[in-house]
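Report on the following structure.
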DNA sequence: GTAGTGATTGCCT
DNA sequence: GGCAATCACTACG
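In our numbering, the protein residues as written are 38 to 267.
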C-alpha cells in the first residue's frame, strides 16, 4: 500500500497509539504496553501482529542495569535518549537483537520481552526457521515470540531498518489498542532477566508480565508480586 | 520437563 | 580484551 492508503488504513481500522501514550514514565509505559498490539509491516506489505505480554523497564541514570547508566550517551544507546516512542534496537550476544521503546526520562526505555502471536504466524515461523540449524524442528505458536530476541526474528526487527524509527509516525512499525486488553489487568512484577549488576538494581521488580499468560518467556516460581491495573 | 553449554561479533574500556 | 537486557541444542530423568 502507498502512503495515502497507509494513512487511510490507520484512520479507518486502527487505533494507533499516539505520542501521549509513550510520553510517560518508563515503569508506567512498561505496564501500559501489556495487552497492546505491536504491528510490523514488511517490505512486501505483509503485516505481522502480536500482543505484548511481557516487558522490562530500564530507567537510565541511576539504574545500574541500564545501558544508559550514569546518563552515558554512546553511539549505540543514543535512541534511548530520543523522544518518547523511538525504537531502540541493539545487537547482543554476537547474534541476536533486542527491541526497546524509549519513554519519558533521560535514557529510559522499555524492553519488549514476549508477544502473543496474532497475525501472519506462517511468516513468523518462516523467519524463525531460517535462524535454526535443523529447520525440521517444529515450532509451537507459543515459542515464536517468547523472548526478546525471538520476537525480533519473528517480526524481522533489525538495526538497519528499525533502529531510531519513530513508532508514532513510521509506517514500518506501530502500536495499536484493539480494545481487548481489559482481559489483561492482573500483572506480575518480577526481577529483570539476564542482568548482572549491583543487587539493589538486580532485585528491583522492573519486569512486568500478564498473569497466567502462556506466551510469557519465563514464569516466576516465587517472589511474585501482583498488581491490578485500573 | 530442566540443566548445562557453545555459538558469535560489535561495542566500550 | 572482555563481555553482553539470548537462544538452541544436547543430555538426562
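No residue lacks a Cβ here, since even glycine has one placed at the ideal position from N, Cα and C.
According to DSSP, residue pairing for residue 154 in a beta bridge involves 87.
Secondary structure remark: continuous beta strand (DSSP E) runs of at least 3 residues inside the segment 236–260, in chain order: 244–247.
Contact between residue 68 and residue 245 holds, since their C-beta atoms are separated by about 5 Å, short of 8 Å. Between the alpha carbons of residue 184 and residue 199 lies a gap of roughly 18 Å.
If you check the CB distance, residue 102 and residue 232 come in under 7 Å.
With 16 or more other Cβ atoms inside 10 Å of its own Cβ, residue 210 counts as buried. In this structure, residue 214 places its C-beta atom within 7 Å of the C-beta atom of residue 73. Checking the DSSP bridge columns, you'll see residue 139 partnered with 146. Apart from sequence neighbours up to five positions away, the residues of its chain that approach residue 235 with a beta-carbon distance below 8 Å are 101, ordered along the chain.
Residue 203 sits in a strand when the DSSP states are folded into three classes. In this structure, DSSP gives residue 129 an extended state, which the three-state scheme calls strand.
A distance below 7 Å separates the beta carbons of residue 83 and residue 160. As a beta-bridge residue in DSSP terms, residue 77 pairs with 85 and 210. Apart from sequence neighbours up to five positions away, the residues of its chain that approach residue 61 with a beta-carbon distance below 8 Å are 69, 121, 140 and 141, ordered along the chain. Under DSSP, residue 98 takes part in a beta bridge, and its partners are 106.
DSSP lists 203 as the bridge partner or partners of residue 123.
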